[in-house]
Structures are given as C-alpha cells and as structure tokens.
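Student:
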Amino acid sequence: MKYFSVGQEDHIRRCYAADSSKLLRTISGQEDHICRCYAADSSKLLRTISGQEDQICRCYAADSSKLLRTISGQEDHICRCYAADSSKLTGDQFVKMVLLDAVFIFELFLRNEEYLGDNSKYQDDFIICQPWLRAAIRRDLILLENQLPFSTLNDLYDCAMSNTDCKSFVDLSCRYFDKYKKNSRPGEKILHFTDLVRCFLSFKHPDLKSDQKAEPIKTLYSATMLHQAGIKFKPLPNVSLLDIRAWKPLSKVQTLLSDKKGKLLMPSLEIDNNTECLLRNLIALEQLHYPGEEYICRYVKLLDFLVDLENDVDLLIENKVIVSKLGDSKAVAELINGLCREMVEVSSTFDPLSKLLNDYYDSSWNKNKAYLVSVYFKNIWTGTGTVVGSLILFVTVTRFILYLLRY
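The letter at position 7 of the sequence shown is residue -7 when you use the working numbering, and the numbering goes up by one with no holes.
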C-alpha cells in the first residue's frame, strides 16, 4: 500500500504535513545523539552504520543477515512509504538505512519502557532525560512522511528479540504513544505509527458506522450563539474524540445520551504546540486511506463550525471542552479554522447533531428562556435577589388584592 498517492505527495505535504525543517533546526548540531535515521545527509548516515550491522545486531542477540534479508524482502513496499527521495540510494544502502531506522526506534521504545518503570534509569541519556526532546521525537515519529510499515517493524522486532522476554512491539508502541491512548487497544491491522494514533483517538464503537444517507454539515451556529440559546457544553474525559452525546440519539444505535435537554457532552481536547501537526497528519492519512471513514476529519469539521472567533474558544475553555496550553484564544481559533483548509468535503455522522442544535437555537422559547436565566439567574447572588424580589412582589400584590376585596 502506498502512503502517498502518486503525484500528490508535494501538495498534500504542503497542506497537511508538519514543518519538519523547523524541528531539524531546533535540534541542529545534535543529530548524531538523537536520530541519525532522519539526518538530511544520507551519506553521513550510511558511513555511520556501514560495517556496524553485526555490532548493532549483537546488542539484540540477532543475526544481522536475517534482519537484512527481512528488510530486503519488503524493500519495494518500504520504498513506497518513504516521502524522502530514496531513489538516490542503492538497494544495499537503502536496506542499511531502514535497519538503522528500526534499531533507533527499538532502542527508543525499550528505554522509554524502562524509564517509565524506574525514573532513576537513563538520567544521563541524551534523549530520555530531556522532556522537550522526547516530545519533539514523538512528534517526528507521527509525521506521515516518516513512516515505516508497522508490519515491517514488528517482523524485525520479533526477529531481533526472539530470544528475550521483552514486551511485544505493539505493547511498546502503545506505551510510547500513551499520551494519545484513551480506552482502546489498536485494531489488528495497523499501517504505521500515524495510523496507530488515529486508532487511539477514534477507536470504533457502533455509533461510528457510516449511514448511507449521511451528508456533510451544511451549517451550524457557533458555540457562543448556541450558548446564548441555552445550550450547555459539558466535558467528557477519557473518551474517544468522536463520542459526542446530545439529549436525543444521533443514530439508530446510539444509547449513551446526555441527561438533560440542551446539554451537549463533548470530549475534552487538549491543544498544545503539537496539536496542529498531529491533526494535519491524521487528516492527510484519512483523506488518502479511509474514504467513508474520515472520523478525525468529521470531528475537526464540527469543531470548525463551533469555533468562529476567540470568544467561542473562551466559552469552550471555560466549560473545559478545550484545554488550551497555547495561552492565546485567538491562536487556538486560528489553528482550528485553518485545519479544514483544502479538506475534501466528507459526509458526516454529525449532520443529525448539527440539525438538532440548529433547531434548538431557532426556537424562540429556548432563546427567551436562556435570556431570562442569563439575566436574572447568572450567579447565586443574582438568583437570590431575583427570588427575594419575586417574593416581595408576590406578597405586596397579594396584600393589595386582599385590601381591595375588603372594600
């Protein structure tokens, strides 16, 4: 399977892939310590590994020739997965480069597993002991253009670690990308690390089954406008990004609903400096490989409708639907609004939700009720004053009526 469609690589990478040059500038001068498999100078990379295959494989109690044969047997498949220009490398050079890629990933994942079990280990390790660098490499490993087939990595790991009691490569991968993991195990078929993260964020449940009549969201009022009509946004922690619950079922199979009309339950979305990179790569992946199953695209499109301006972001932050680490609501709004740029229009299982919310907003009763609540019961003091004032008015009117009845 080819991870980039022929003739579309440059266009898609410009629209969706992260600016890897920025990352390389950040770690400039430290490539040898970090990740030689992503170094720009392939000749330097190959000189580094040349002649060291046996030494590398001895560290994993593996036969280097067996590992190299495993890679050679999948060379054509692997070549189609690299966005980088691998045509300049001979077959032998390319195989050695893939081996170095794989060994770096194995070592990184194994050290990460040991470090999470005992923080005193690897205190002097150049990567493990520096949180900013761990985050940068984690981000780099989910770039769609950097992917090795997961099946290839799994085969190499099984071969290299066959005589050890180490955890499986799937378990190590889940542990390494635990930041994105909710309550789901990945499916049996994993394309690569980007696909693994997508599985974590959009793990499947019956509500996601595509409806043949589903249509793209045509229009939806912003979060602020919906709030003015009485919609209450509430967070749902530790669930799939797609697990959005209204007071009416959004599909024939949905069973989990909010407990009150006008309450919309949404998963919490943490937005930091890596969020745009993550979502753009997931969007690109779905546009290429998951027609009809663009789960992340649907969620991002819904979010784009809800967020028009920074006051929409402020509202969602106040209600803990968005957890922002950017420190600027305007930056969050611009990030969300920019994600859908050049996204192909997709049918959405959230179309019934948009119609439900629009109908709620269009009801004059709901808007009038929300206005009265916001003016006279916006906090405990205003509410108490309203109740006391109403009681005084009631007593006064009652006494006046009784007075009139006497005469």
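Using N, Cα and C, we set each Cβ at its ideal position, and we do this for glycine too.
Since the structure is predicted, the reported quantities are computational estimates derived from the model, not experimental observations.
#1: Hey, Ala232 and Tyr347: beta-carbon distance below 8 Å or not?
#2: Could you tell me which of Asn259, Tyr101 and Leu96 sits nearest to Cys152, measuring between CA atoms?
#3: Just list the residues that DSSP pairs Met252 with in beta bridges.
#4: Just verifying my parser: in three-state terms, what is the DSSP assignment at Arg392?
#5: Rounded to the nearest angstrom, what separates Leu292 and Gly324 at their Cα positions?
#6: Take Leu222 as the anchor and find which of Met83, Glu131, Leu302 and Arg55 has the nearest alpha-carbon.
#7: From Leu139, Asn305, Gln133 and Ser340, pick the residue whose C-alpha is nearest to that of Lys234; which is it?
#8: Do three or more CB pairs link the region 105 to 112 to the region 136 to 147 at distances below 8 Å?
#9: Please state if the CB of Phe92 and the CB of Lys143 are separated by a distance shorter than 8 Å.
#10: My understanding is that Glu262 touches Glu272, with C-beta atoms under 8 Å, so please give their C-beta distance in whole angstroms.
#11: With which residues is Val309 paired in a DSSP beta bridge?
#12: Note down, in chain order, each residue of its chain lying with its Cβ closer than 8 Å to the Cβ of Ile426, except the 5 sequence neighbours on either side.
#13: Name the residue from Leu343, Gly278, Met211 and Leu127 whose alpha carbon lies nearest to the alpha carbon of Gly248.
#14: Measure from the alpha carbon of Leu54 to the alpha carbon of each residue in Asp62, Ile64, His63 and Asp78, then state which is nearest.
#15: Quick one: is Asn105 buried, meaning 16 or more other Cβ sit within 10 Å of its Cβ, or exposed?
#16: Ends of the alpha helix (DSSP H) at Lys287?
#17: Can you grab the Cα-Cα spacing for the pair Glu99 / Leu127, in whole Å?
#18: I need the DSSP call for Arg231, collapsed to helix, strand or coil.
#19: On the criterion of 16 or more Cβ atoms from any shown chain inside 10 Å, does Phe380 qualify as buried, or is it exposed?
Tutor: Let me lay it out:
#1: Their beta carbons are not under 8 Å apart, which means Ala232 does not touch Tyr347 by this criterion.
#2: When each option's Cα is compared against that of Cys152, the closest is Leu96.
#3: Pro221
#4: helix
#5: 13 Å
#6: Leu302
#7: Ser340
#8: Too few Cβ pairs lie closer than 8 Å, so no.
#9: Reading the sequence as shown, one finds Tyr at residue 143 and not Lys. Yes, Cβ-Cβ distance for Tyr143 and Phe92 is below 8 Å.
#10: About 16 Å separates the beta carbon of Glu262 from that of Glu272, a gap too long to meet the 8 Å contact definition.
#11: Glu256
#12: Lying before the first or after the last residue shown, residue 426 is absent from the chain, which here runs from -13 to 393.
#13: Leu343
#14: Asp78
#15: exposed
#16: Tyr281 to Leu292
#17: So the two alpha carbons sit approximately 17 Å from each other.
#18: strand
#19: With fewer than 16 other Cβ atoms within 10 Å, it is exposed.
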